[in-house]
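Peer 1: Mapping of the sequence shown onto my numbering: residues 2 to 202, in sequence order.
Virtual Cβ for every residue (Gly too), placed ideally from N, Cα, C.
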Amino acid sequence: TRHIAGEAGARVLINPGNRGKGYSVRHGMLAACCDWALLTDADLSAPIEELDKLWAAAEYHSAAVAFGSRALDRSLIGVHQPAFRDFSGRFFNFVMRNVTGLTYRDTQCGFKLFETQAAREIFSRQRLDGFGFDVEVLYIAQRLGYKSVEVAVRWNDVAGTKVSFWRGLGAFLDLFRVRWNGVTRRYNSPSFSETEPLRLA
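1) Quick check on PHE134: buried or exposed, where buried means 16 or more other Cβ atoms within 10 Å of its Cβ?
2) Just checking my contact of ARG155 with GLU51 at CB under 8 Å: how many whole Å lie between their CB atoms?
3) In the DSSP assignment, find the beta strand (DSSP E) that holds LEU108 and state where it starts and stops.
4) For TRP37, report the span of its beta strand (DSSP E) as first-last.
5) Looking at C-alpha atoms only, which residue of GLY69, LYS22, ALA120, THR117 is the closest neighbour of TYR105?
6) Please state the DSSP three-state secondary structure of PHE124.
7) Can you tell me the Cα-Cα spacing of ARG91 and ARG71, whole angstroms?
8) Using 8 Å as the Cβ pair cut-off and three pairs as the minimum, do the segment 27-35 and the segment 111-129 touch?
9) Based on Cα-Cα distance, which residue from ARG144, LEU114, GLN82 lies nearest to TRP37?
10) Closest to LEU176 by CA distance: which of VAL152, SER192, TYR140, LEU45 is it?
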């Protein structure tokens, strides 16, 4: 895949081993060079055409962050998750709201648009390498005073894409890490730099 992308003229970043999704996203966002940067899951469970909704919402609300949500309008879900995963997601959101104070309905949809300058400020402070990073970056954005808007998008569950029990448990534990990092002011200063060495394919 990376060779095909390279042949198409895309810049491909290579991680030093499997460091986690949060690490990979931070790596990519800090390397972004356009005015806006989009985070989207590789399975395109949120169709890329939904980007227009994020653009429009960011412009209308003068927001630095616009992110997709499956919870705001569930009629837009074409293929639903299995019942247990759906319940787990709702329970995760309940815990997230109580632990972090964020009021969003769905932080875990992998479809988020960031104004690049804001992304640099946010992701340079991101510390979590696992699946809890979605909550973390929205939490940091709020602490830094960036406006974020949640947008209902079309979404389909894709067979074969799932988070294991242990990774799911890790995401729950990450909620408390986010809260602790906030209380101890670890997000006040950047931990990573956009000038970190990058390996290109």
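Peer 2: With the structure as the only source:
1) Buried is the call here.
2) 6 Å
3) Sequence inspection shows Thr at residue 108; the Leu mentioned does not correspond to that position. Premise fails: THR108 is in no beta strand (DSSP E) and is neither H nor E.
4) 37-41
5) GLY69
6) helix
7) Straight-line Cα distance between these residues: approximately 11 Å.
8) Pairwise C-beta distances place the segment 27-35 in contact with the segment 111-129, as three or more of them are shorter than 8 Å.
9) Nearest to TRP37 by alpha-carbon distance, out of ARG144, LEU114, GLN82, is LEU114.
10) Of VAL152, SER192, TYR140, LEU45, the residue nearest in Cα terms is TYR140.
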